[in-house]
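Each residue of the sequence shown is one higher than the one before, starting from 13 at the first, in the working numbering.
Beneath this line is the structure, given in structure tokens, with notes to follow.
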Amino acid sequence: MPSSHHHHHHYLVLLLLLFVLGAALLAVSGEQEAACEVQYRQEDLRPDRLTVLLSGYSERRLPLLRAIAGAYAAHPLVLAVIVLWCNPSTPDDRLLFPRFPPRVSLHRTASSSLNSRFLPHASIRTAAVAVADDDVLPDAAAISFAFAAWQQRANGRPGTLVGFFPRSHRLDLARGRWAYAAPQPGRYSMVLTKFLVLGVDLLRKYSCSPELAAARAVVDRERNCEDILMNFVAAEESGEGPVLVEAGSVRDWGDPRNDANANASAGEEGTGMKAVGLSSRGGVGHWEKRGECITEFHRLLGRMPLRYSYGKLVEASVGEQGLCSKGGRLVRCDRE
């Protein structure tokens with residue numbers, strides 16, 4: 013017969029686990045509550061500058077993250093770059109040395125939740141923010157054009173989303189549910205958070221609306237789909253689809269069409285790029301899961317706000333923007 017001491021030990025372990033879990037949940041809800049107490053006053057926010065919210069998680073990608081943060085910070089239209097570090101287990105010294113470039117601040121999120129990408133930080137001083145991944149870098153012309161497109165469209169129209177990477181949704185009649193899809197020719201309904209320009213009001217709406225709590229819980233459960241939910245929130249606000257822009261070029265280390273050895277030849281900055289990104293995992297399963305998210309968000313909200321957009325705003329060049337490394341050269345990812 014097991015001793016009461018043995019039971020007592022199990023009981024303590026269970027208590028400890030519950031305590032740790034409870035503390036983590038408290039930290040997350042505390043961070044969200046604090047962020048949601050932030051009140052942005054329109055007159056305090058600069059309309060002529062951009063804040064970049066840059067998400068990072070993989071320690072292997074830190075050298076690349078630092079380089080990307082520095083490039084954003086050097087752009088004349090960028091007022092500040094906030095690096096959101098979403099990996100709670102990273103030791104402080106790994107993050108603090110070498111230092112991030114000037115005009116780049118580091119914020120450690122309370123958890124690895126993807127919802128923390130959209131928290132309305134008190135330090136944001138601009139009317140628009142760019143939400144960006146740590147494996148994509150638009151060149152200076154592309155950043156300027158995307159911001160100009162947002163300013164032009166958002167003038168008096170809340171809920172405007174501007175991005176470079178389109179996706180779509182369609183009804184899967186055979187299965188009676190929504191499917192997540194590549195953009196159909198000339199038609200799309202979502203833009204990805206690889207790089208996305210939006211107004212700070214959408215950060216508040218996404219993070220703080222009680223009616224979105226169940227949808228945010230889906231994002232936490234799936235560790236996926238935060239960008240889809242933001243597209244829902246924006247379309248609900250604007251009654252329109254997002255804006256796709258094409259300008260300059262966008263270096264995309266996360267695109268699976270990069271040469272396998274390109275990341276290695278990129279030296280430290282590229283190492284381990286392929287293995288880490290969410291969408292690099294799972295192939296078909298990734299698209300399937302995102303279709304389930306769309307269906308679930310529709311069910312939870314009781315309506316389907318996504319709208320199709322047609323066409324795009326083009327600066328001058330044509331063709332796909334993503335740049336991949338092939339045969340030792342940077343070329344557009346759609347070039348064979």
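Ideal Cβ positions, reconstructed from N, Cα and C, are used throughout, including at glycine.
{"Check": "Chain-order list of residues whose beta-carbon lies under 6 Å from that of lysine 324 (same chain, five-residue window excluded)", "Outcome": "Leu256, Glu258"}
{"Check": "Bridge partners - alanine 191, DSSP secondary structure assignment", "Outcome": "Arg182"}
{"Check": "Exposed unless 16 or more other CB atoms sit within 10 angstroms - verdict on tyrosine 322", "Outcome": "exposed"}
{"Check": "Straight-line Cα distance separating valine 95 from alanine 81", "Outcome": "8 Å"}
{"Check": "Contact under 9 Å by Cβ, valine 230 with leucine 241", "Outcome": "yes"}
{"Check": "Spatially closest choice to alanine 191 from Ala79, Arg120, Val296, Gly251, by CA coordinates", "Outcome": "Val296"}
{"Check": "Close Cβ partners of phenylalanine 157 (< 7 Å) along its chain, the five nearest in sequence each way excluded", "Outcome": "Val257, Ala259, Gly260, Glu327"}
{"Check": "C-alpha gap between glycine 314 and cysteine 98, whole angstroms", "Outcome": "31 Å"}
{"Check": "Reduced DSSP secondary structure (H/G/I, E/B, other) of serine 11", "Outcome": "There is no way to answer for residue 11, as the model of the chain reaches only from 13 to 348."}
{"Check": "Cβ-based burial, glycine 334 [other Cβ within 10 Å; buried from 16]", "Outcome": "buried"}
{"Check": "Proximity below 9 Å, CB of leucine 149 to CB of tyrosine 84", "Outcome": "yes"}
{"Check": "Proline 132 versus leucine 91: straight-line alpha-carbon distance, rounded", "Outcome": "16 Å"}
{"Check": "CA-to-CA distance, arginine 189 to leucine 183, given in whole angstroms", "Outcome": "6 Å"}
{"Check": "Between the CA atoms of leucine 185 and phenylalanine 130 - distance to the nearest angstrom", "Outcome": "33 Å"}
{"Check": "Beta-carbon gap between phenylalanine 349 and valine 64 smaller than 9 Å", "Outcome": "Given a span of 13 to 348 for the chain in the structure shown, any question on residue 349 remains unanswerable."}
{"Check": "Contact belief for proline 100 with serine 123 at Cβ below 8 Å, rounded distance in angstroms", "Outcome": "6 Å"}
{"Check": "Cβ-Cβ distance between leucine 107 and arginine 115 below 9 Å", "Outcome": "no"}
{"Check": "Limits of the unbroken beta strand (DSSP E) element including glutamate 258", "Outcome": "255-258"}
{"Check": "Supposed close pair valine 174, leucine 62 - CB separation, criterion 8 Å", "Outcome": "Actually they are not in contact, since the Cβ atoms of valine 174 and leucine 62 sit about 11 Å apart, beyond 8 Å."}
{"Check": "Under the three-state DSSP convention, the category aspartate 146 falls into", "Outcome": "coil"}
{"Check": "Beta strand (DSSP E) runs wholly inside the segment 42-75, at least 3 long, in chain order", "Outcome": "58-68"}
{"Check": "Assigned secondary structure, serine 261 (DSSP; H/G/I helix, E/B strand, else coil)", "Outcome": "coil"}
{"Check": "Through-space distance from arginine 341 to tryptophan 162, alpha-carbon basis", "Outcome": "32 Å"}
{"Check": "Buried versus exposed call for aspartate 146 [16 or more other C-beta atoms within 10 Å across all chains shown]", "Outcome": "buried"}
{"Check": "Separation of glutamate 49 from proline 197, as counted between CA atoms", "Outcome": "42 Å"}
{"Check": "Of the residues Pro75, Ala86, Ala134, Ala144, the one placed nearest arginine 111, counting alpha carbons only", "Outcome": "Pro75"}
{"Check": "Cα-Cα separation, arginine 78 to alanine 154", "Outcome": "20 Å"}
{"Check": "Reference arginine 235, options Phe159, Glu304, Glu249, Val203, closest by Cα", "Outcome": "Glu304"}
{"Check": "Cβ-Cβ distance between arginine 165 and threonine 172 below 9 Å", "Outcome": "yes"}
{"Check": "Cβ shell of proline 317 (< 6 Å), same chain only, five flanking positions each side left out", "Outcome": "Phe244, Ala247, Glu248"}
{"Check": "When Ser41, Ile306, Arg199 are compared against glutamate 238, the one with the closest alpha-carbon", "Outcome": "Ile306"}
{"Check": "N- and C-terminal bounds of the beta strand (DSSP E) containing isoleucine 94", "Outcome": "90-97"}
{"Check": "Exposure label - phenylalanine 109; buried when at least 16 CB within 10 Å", "Outcome": "exposed"}
{"Check": "Of the listed residues Cys345, Gly339, Ala134, Arg233, nearest to proline 268 (C-alpha basis)", "Outcome": "Cys345"}
{"Check": "For cysteine 336, the first and last residue of its enclosing beta strand (DSSP E)", "Outcome": "334-338"}
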